[in-house]
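One structure below.
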Amino acid sequence: MKSKTVVSGKGNCQDALSEVYSQIGADPVGIIFCCEYDWLEEVSSALKKRYPAAQVIGTAGIFYLNADIHDNKGLMVTAITSEAAVEAGVIKHLSTAPLCDVRKLDASIRKISPSSDNTICFEFCTNDEEVMVSTVNMVLSNKKIPLIGGSVFATPQGKTSYVSVNGKLYANSCAYMLIKNLNGKVHTYRENIYAPAGGPAHRATKVNLKNKELIELDHRSAADVYSQETGLDRSKIVDNVLQQPLGRLVGDDEVYISSMYEIGSGGSLINYKRINLNDTMYILKLQDYKEINRNTAATIHSDVPNPGLVLSVNCIYRYLLFSQEGYIKTFLGDVMGTVGAFPGYVGGGEQYQNQHVNQTMVCAVFE
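For reference, each letter of the sequence shown is one residue, going 14 to 380 in my numbering.
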């Protein structure tokens, strides 16, 4: 597969588009873009008009190309230029009736005749991530196509989050792109920099699924259990999320992170990832993330020495942690730079395979 990523920091939308056009070349088969919020409608329409044969998805928010980071300013376009089959589409009405568009996803899959080792489904979604993941996997799982993506983040306060598909904007939706490598395989990765802190496993004994509220662990207030195990006062729990988030055990050894952002009435913990009744939960602890990052980069480089395309999503909480530590540019530029060109997006949550997760990096690397 061949691709090219172009970033423009120009302050005018038309100037940024012109810079992108001059570097992409003619006739890409697929385009994934991210731009500042106020440009979204114009960029969405312009890219589809300029490249009518290309499949195009995008959104607005924070994006990066290695250490070149843009916080809702400018434009980044990743153009898939050759050796790929691409189909884009939208799953609408995530909060009410997403099943209506499942047949369209199935039709997209049939068009590219994927295999499990050469195709992914990359997506941006605006809300209701768990519903979206369950919905698309009704179709993806039949073909063993991995899901990789992120939740739209950094929408200005009071504004509506949108995704873009082939020149049109959609709220309450998921924009997806099926990408098949015609000249090799695709490898997927999930990086977790947390592990159980050493305390016991807990059971979620009371939850509110609608607002992702963990009310009780082991029949006790979730905040009380967290405070007792960590030694922290209730008032410090939310601020400790970068050091000790919650983790849900899936299977025998897979831990998926759930970030708490608010203490509810009665000592509940309200999270960005849904916790189900009877889920096995751990309080996690930040590990040696620099070593983990180096190991991840080394694994990717060993698996795919010369990537044709990389797509990555880093959680906003990782972005904040690494920024506070003065490490974000080192991580994206020096560490992940050993992989090669490393474009990506900062998400409010991440989707990987059949899970919605928090505080994680997910990425797909094409040969």
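We treat Cβ as the ideally placed atom computed from N, Cα and C, and that holds for glycine.
- Message: Runs of 3 residues minimum, wholly inside the segment 136–165: which ones carry the beta strand (DSSP E) assignment?
- Response: DSSP runs (the beta strand (DSSP E)) wholly in the segment 136–165: 160–164.
- On the DSSP bridge assignment, give the partners of Ser325 in chain order. Position 312 of the sequence shown, counted from the start, is the residue given in the question as residue 325. Paired residue(s): Gly357 and Cys376.
- Is the number of C-beta pairs between the segment 56–67 and the segment 322–329 that are closer than 8 angstroms three or more? no
- Task: Quick one: using the 10 Å Cβ neighbour count with 16 as the cut-off for buried, is Glu267 buried or exposed?
- Result: Against the sequence shown, residue 267 aligns to sequence position 254. By the Cβ-count criterion, Glu267 is exposed, with fewer than 16 other Cβ atoms from all chains shown falling within 10 Å of its own Cβ.
- Message: What would DSSP say about Thr218, mapped onto helix, strand or coil?
- Response: Numbered from 1 along the sequence shown, position 205 holds the residue referred to as residue 218. Thr218: strand per DSSP, three-state reduction.
- Message: Can you look up Tyr64 in the DSSP assignment and give me helix, strand or coil?
- Response: Counted from its first residue, the sequence shown places residue 64 at position 51. In the structure shown, Tyr64 sits in coil (DSSP, three-state: anything other than H, G, I, E or B).
- Query: Taking Cβ positions, are Leu282 and Ala208 nearer each other than 9 angstroms?
  - Reply: Here residue 282 corresponds to residue number 269 of the sequence shown, with the count starting at 1. Here residue 208 corresponds to residue number 195 of the sequence shown, with the count starting at 1. No, these two residues do not count as a Cβ contact at 9 angstroms.
- Mind checking whether Ala92 and Gly171 have CB atoms under 9 angstroms apart? In the sequence shown, residue 92 corresponds to position 79, counting from 1. In the sequence shown, residue 171 corresponds to position 158, counting from 1. Not closer than 9 angstroms, so no.
- Query: Can you list, in chain order, the residues of its chain whose CB lies under 6 angstroms from that of Leu345, leaving out five sequence neighbours each side?
  - Reply: If you number the sequence shown from 1, residue 345 lands on position 332. Closer than 6 angstroms at Cβ, skipping near neighbours: Tyr77, Asn79 and Ala80.
- For Asn194 versus Met14, is the C-beta distance shorter than 9 angstroms? Indexing the sequence shown from 1 puts residue 194 at position 181. Indexing the sequence shown from 1 puts residue 14 at position 1. Contact: yes.
- Tyr202 vs Val19 beta-carbon contact at 9 angstroms: The count along the sequence shown starts at 1 and reaches residue 202 at position 189. The count along the sequence shown starts at 1 and reaches residue 19 at position 6. Taking 9 angstroms as the Cβ cut-off, Tyr202 and Val19 do not qualify as a contacting pair.
- Please state whether DSSP places Met14 in a helix, a strand or coil. Residue mapping note: residue 14 aligns to position 1 of the sequence shown, counting from 1. Here Met14 sits in coil by DSSP.
- Task: Would you check if there are 3 or more beta carbon pairs closer than 8 angstroms linking the segment 248–257 to the segment 330–342?
- Result: Taking 8 angstroms as the limit for Cβ pairs, the verdict is that the segment 330–342 does touch the segment 248–257.
- Task: Assign Leu334 to one of two classes, buried (16 or more other C-beta atoms within 10 Å of its C-beta) or exposed (fewer than that).
- Result: Taking the first residue of the sequence shown as position 1, residue 334 is located at position 321. Burial call: buried.
- Query: Based on Cα-Cα distance, which residue from Arg216, Val90, Asn284 and Ser240 lies nearest to His232?
  - Reply: In the sequence shown, the residue the question calls residue 232 occupies position 219. Cα-wise, what sits closest to His232 is Arg216.
- Determine the direct distance from the alpha carbon of Ala214 to that of Ile125, and round the result to whole angstroms. Reading the sequence shown from its first residue, position 112 is the one you call residue 125. Reading the sequence shown from its first residue, position 201 is the one you call residue 214. Their backbone Cα atoms lie some 44 angstroms apart in a straight line.
- Hey, out of Ala67, Ala110 and Asn85, whose CA is closest to Ala403's CA? In this structure the chain extends from 14 to 380, so residue 403 is not present and cannot be described.
- What number of angstroms, rounded off, separates the C-alpha of Asn221 from the C-alpha of Lys156? For the purposes of this step, residue 221 is identified with residue 208 of the sequence shown, where counting begins at 1. For the purposes of this step, residue 156 is identified with residue 143 of the sequence shown, where counting begins at 1. Looking at the two C-alpha atoms, the distance is approximately 33 angstroms.
- Based on the DSSP secondary-structure assignment, which residues constitute the bridge partners of Gly71? Start at 1 with the first residue of the sequence shown, and residue 71 comes out as number 58. Paired residue(s): Phe46 and Ser177.
- Query: By Cβ distance, which residues of its chain are closer than 7 angstroms to Ile276, with the 5 residues on each side in sequence left out?
  - Reply: Walking along the sequence shown from the start, residue 276 turns up at place 263. Counting only Cβ-Cβ distances below 7 angstroms, and skipping sequence neighbours, we find Ala236, Arg247, Ile250, Val251 and Leu282.
- Gly360 to Tyr175, Cα distance in whole Å? By one-based count along the sequence shown, residue 360 stands at place 347. By one-based count along the sequence shown, residue 175 stands at place 162. In this structure, the straight-line span from the alpha carbon of Gly360 to that of Tyr175 is close to 13 angstroms.
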